[in-house]
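Comments concern the structure below.
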Amino acid sequence: MIDNNSPMTEDELHAYVDGELPAERREAVETWLAKHPDDAALIGIWRAHADAVRARYGNIVNEPVPARLALERITRSRRSWVAIAAAATIAAFVIGGAAGWLARGASAAAPSEMEMFANEAIGAHRLYIGEVRHPIEVKAEENHLLPWLSRRVGTTLRAPDLAAFDLRLLGGRLLPGVVGPAALFMYESGNGERVTIYVSKTNEARTSFRYKIDGKFGALRWSEGGYGWVVSGPDDKPRLKGIASALYEQLDPRTPPVPAPGRSTENQLMSRRGS
Amino acid sequence: MNAFQQSIEAAIPALRRYARALTRDAETADDLVQDTLVRALRSEHLFHGGAVRSWLYTILTNLNRNRLRSMARRPIVTQLQDDDAADAAGPEAGGRDIERALALLVEEQRTALLLVVLEGLTYREIAEVQGVPIGTVMSRLARARMQIKAYLDGERPALRRVK
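Sequence lines, in order, name chains H and C. Under our numbering, the residues of the first sequence are numbered 2 to 276, in order. Under our numbering, the residues of the second sequence are numbered 46 to 208, in order.
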């Protein structure tokens with residue numbers, strides 16, 4: 002039996018307010034609140050703040066949506082390049098489909114280029130994250146890191162800012178890749194967790210995010226604009242997906258380059274799509 | 046319009062609400078929503094099932110983070126649009142108070158709080174949007190609530206006296 006008198010953690014109080022507790026814990030919290038007016042008052046305050054936020058912004062959903070946000074309009078303005086992209090996608094699909102069909106008998110023996118990419122990336126990840134003294138060849142602070150890797154990989158690389166994920170760029174190294182040289186960038190979190198980003202040229206057309214688990218590691222890969230990307234780290238799909246999504250957004254050529262705090266602007270590692 | 050686009054369209058009013066609360070400026074908010082829609086349509090090939098809604102919140106949250114970063118580089122003082130200054134003195138003064146309190150939070154905390162109280166996302170969904178463990182979401186929420194309380198405890202009496 003749950004002891005209704007054991008002290009309630011603050012996390013549970015938040016989860017209670019946000020409707021995240023299972024029924025039996027809700028009851029326990031309610032019993033607790035009946036005896037602890039300070040906590041009950043705190044909950045009242047949190048609820049009042051939430052009500053104020055909703056009172057302030059809640060009504061916006063009832064406003065008419067401005068014409069510039071109408072989906073047909075956005076679709077129409079994109080039509081010219083969408084047609085081109087669609088043609089390319091169909092071509093890739095047809096070619097990919099035929100290749101897939103031909104490779105049916107040997108599918109296990111012939112992984113796609115991006116599968117090989119992911120294997121290379123995870124291999125490099127596993128090998129280098131364990132290095133205490135030499136996880137990287139060139140440190141993030143050294144200005145030649147990005148010009149050097151950009152030249153070898155064949156595209157302008159910029160550094161994704163992953164501070165929101167508590168990840169700081171340690172530096173990078175050059176590796177032999179599947180079809181050409183590959184760059185491996187290593188990030189480290191406050192608690193020592195390491196995440197790597199692997200990028201290299203690919204012949205594969207744009208592919209969607211694919212997740213692969215290999216032991217205790219996970220790798221999320223995709224390709225776009227002639228380059229393949231693999232984000233590897235501990236097997237935590239939501240986290241790696243979040244990192245990959247942020248990276249993908251920062252990759253967009255229309256997004257202004259994001260300077261990493263305390264670093265020079267040329268020290269950036271992302272390939273600009275289309276460049 | 047396919048099912049994917051229909052799900053996107055259905056989410057537009059909520060995205061506008063979230064963007065407005067994040068940016069506190071109607072024009073900037075709709076710019077952000079427009080960019081989100083363009084990206085969502087363009088990267089349909091990256092969407093691999095799951096909830097379209099959470100995915101849209103993820104895109105918008107990332108775009109807003111990029112926007113704040115690039116703003117931080119340009120030392121431009123942006124005036125808050127004061128189209129509803131009327132309620133600053135009226136009975137809804139609390140609306141302005143909460144707006145200021147939200148403005149003082151760091152971005153990750155503001156995002157977490159708005160996603161839970163305004164957009165009704167679960168902790169798990171917010172963890173996916175922010176790309177962090179649930180425990181981190183909870184500590185961001187706790188810090189956000191603590192700071193809002195501290196701000197309103199300190200500021201409200203002063204504002205009342207001014208009236």
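Built from N, CA and C at the ideal position, the CB exists for glycine as well.
C:ILE143 has its alpha-carbon roughly 21 Å from the corresponding atom of C:ILE171. A straight line joining the alpha-carbon of H:VAL200 with that of H:GLU121 spans about 11 Å.
Taking the Cα positions, H:ARG134 is about 17 Å away from H:ASN192. Within chain H, not a single residue places a beta-carbon under 9 Å from that of C:ASN109; the smallest gap is close to 10 Å. Distance from the CA of H:TYR188 to the CA of H:ASP52, rounded to the nearest whole angstrom, comes to 40 Å.
Around the C-beta of C:ARG65, 16 or more other C-beta atoms lie within 10 Å, and the residue is accordingly described as buried. For H:ALA184, the uninterrupted beta strand (DSSP E) segment begins and ends at 182–190. Note that the C-beta distance between H:GLU205 and H:SER233 is not below 7 Å. Contact annotation for H:ALA160 against chain C: no contact, minimum CB-CB distance about 12 Å [criterion: below 8 Å].
The contact set of H:LYS213 on chain C, defined by CB atoms closer than 7 Å, is empty, because the minimum CB distance reaches about 13 Å. Counting only runs of 4+ residues, the alpha helix (DSSP H) found wholly inside the stretch 140–202 of chain C occupies 152–162 and 168–175, in chain order. Only residues of its own chain outside the window of five on either side were considered, and among them ALA172 and GLN175 have a CB closer than 8 Å to the CB of C:THR181, listed in chain order. Closest in alpha carbon position to C:LEU105, among C:ALA55, C:LEU186 and C:ARG61, is C:ARG61. Contact check for H:PRO182 against H:ARG159 fails: the beta carbons are separated by 7 Å or more. From the beta-carbon of C:ARG188, no residue of chain H is found nearer than 9 Å; the closest lies around 11 Å away. Among the residues facing chain C, H:ASP19 is included, as its CB has a counterpart in that chain under 7 Å away. For the C-beta of H:THR76, the chain C residues within less than 9 Å are, from N- to C-terminus, MET46, GLN50 and LEU86.
Look at C:ALA85 here: in three-state DSSP terms it is helix. Using a Cβ-Cβ distance cut-off of 8 Å, the stretch 162–171 of chain C and the stretch 88–102 of chain C are in contact, since at least three pairs of beta carbons, one from each stretch, lie closer than that value. In this model, C:ALA157 and C:ARG185 are separated by some 7 Å (Cα to Cα). Under the 7 Å criterion on CB atoms, C:TYR102 is classed as non-interfacial with respect to chain H. DSSP, read as helix, strand or coil, puts C:SER115 in helix.
The Cβ atoms of H:VAL231 and H:ALA119 lie closer than 7 Å to each other. From the beta-carbon of H:LEU70, the residues of chain C found nearer than 8 Å are ILE57, ARG61, ASP75, VAL78, GLN79 and LEU82.
The Cβ atoms of H:SER190 and H:LEU176 do not sit closer than 7 Å to each other. Using beta-carbon distances, H:TRP47 counts as an interface residue toward chain C, with a partner under 7 Å.
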